[in-house]
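All the letters of the sequence shown, read from the start, carry residue numbers -21 to -1, 1 to 185 under mature numbering (1 follows the signal peptide of the UniProt record, and there is no 0).
Glycine included, each C-beta is placed from N, C-alpha and C at the ideal position.
The structure displayed is predicted, hence computed values, not measured ones.
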Amino acid sequence: MGLKGLAGCLVFTLLAGAAWATEQAPIEAKAEEKAQVLEEKAADKVSSAPAPKSEAITPTEAQAVDPAGAAPLDDPLTCLARSIYWEAKGKDTPEMEAVASVVMNRLGHDGFPDTVCAVVKQGSESKSCQFSWWCDGKPDQVKEDAEYALAKEIAGKALNRQLKDRTHGAMYFHDRRVHPGWANEYRRTAQIGKFQFYKPAGGDAR
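Shown next, in the form of structure tokens:
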């Protein structure tokens, strides 16, 4: 292929990419709008029933959000998906779903914030992050597209209240290979893959 042919292919690729991004923008905006409404309802404990079809985030909408895995962490779906990705990527789907459940269980509960992003970032101001990936000083951009696509799918389902909570209401978890001192203060609710899950014995979050 000559130089002109290569240049033509490059221009076509760039134009196609720009057109795709333009098409995705309204889908992404709609997903983020739905996610905010679902987040508010989850924080207010309005209902535990799955979101009505008209309100639920569709798989297509979930995938349109943060397509490059590098967007600022300022909307519910991105914050939840990135947390699932960094806490449980490379593990089985049940483990990723369980991490999503912990975030959603914390949302709006006494002792925790009422937005997903605030839950994920909690403790960063005092360098005692609840989710270690947020304070580890490493870049938070996604590196594996397939794993992140799965994380976004799970995040959408979690916000839609379509996930079964295998953790039984857990608000804390750790890798079972470690033994943090705080675990003795809580009641273990489940072991899922490499993780152990806990909630306060008396129901009070801290």
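Report the three-state DSSP secondary structure of residue i (helix, strand or coil).
i    : result
D124 : helix
K178 : strand
K173 : coil
T72  : helix
R85  : helix
R140 : coil
R145 : coil
R61  : helix
For residue i, count neighbouring Cβ atoms within 10 angstroms of its own Cβ and tell me buried if that reaches 16, exposed if not.
i     : result
A60   : buried
T146  : buried
T72   : exposed
A8    : exposed
S111  : exposed
W113  : buried
A(-4) : Residue confidence is low: A(-4) scores 45 on pLDDT, short of 50, so the model does not pin down where it sits. No coordinate-derived value is stated.
K100  : buried
D124  : exposed
K13   : buried
S62   : buried
V157  : exposed
D89   : exposed
Thinking residue i and residue j are a contact (beta carbons under 8 Å), I'd like their distance in whole angstroms, please.
i    : j    : result
A77  : F176 : 7 Å
L138 : P55  : 6 Å
R140 : P38  : With a Cβ gap of about 16 Å, R140 and P38 do not count as contacting.
D53  : C96  : 6 Å
K68  : K173 : Contact flag wrong, Cβ pair sits at about 12 Å.
A50  : T57  : 6 Å
I171 : E74  : 6 Å
G102 : Q109 : 5 Å
Which same chain residues end up closer than 7 Å to residue i when comparing Cβ atoms and leaving out the 5 residues on each side of it in sequence?
i    : result
G87  : A21, A22, D23, K24, D93
Y64  : V121, E126, Y127, A130
Y165 : Y151, Y177, K178, P179, A180
I6   : T39, E40, A43
A10  : I36, E40, A41, A43, V44, L56
A162 : H153, Y177
So, for residue i: in the same chain, excluding its five sequence neighbours on each side, which residues have a beta-carbon less than 8 Å away from its beta-carbon?
i    : result
R167 : Q175, F176, Y177
A149 : A77, S80, V81, N84, T168, A169, F176, Y177, K178
S159 : Rather than Ser, the amino acid found at residue 159 in this sequence is Pro. Closer than 8 Å at Cβ, skipping near neighbours: H153.
For residue i, which residues in the same chain have their Cβ closer than 6 Å to its Cβ, ignoring the five residues on either side in sequence?
i           : result
residue 187 : An answer regarding residue 187 cannot be provided, because it is not within the stretch -21 to 185 covered by the chain.
D144        : S80
Along the chain, which unbroken stretches of the alpha helix (DSSP H) at least 4 residues long are found entirely within the stretch 3 to 58? Counting whole runs of 4 or more residues, the stretch 3 to 58 contains the alpha helix (DSSP H) stretches 38 to 43.
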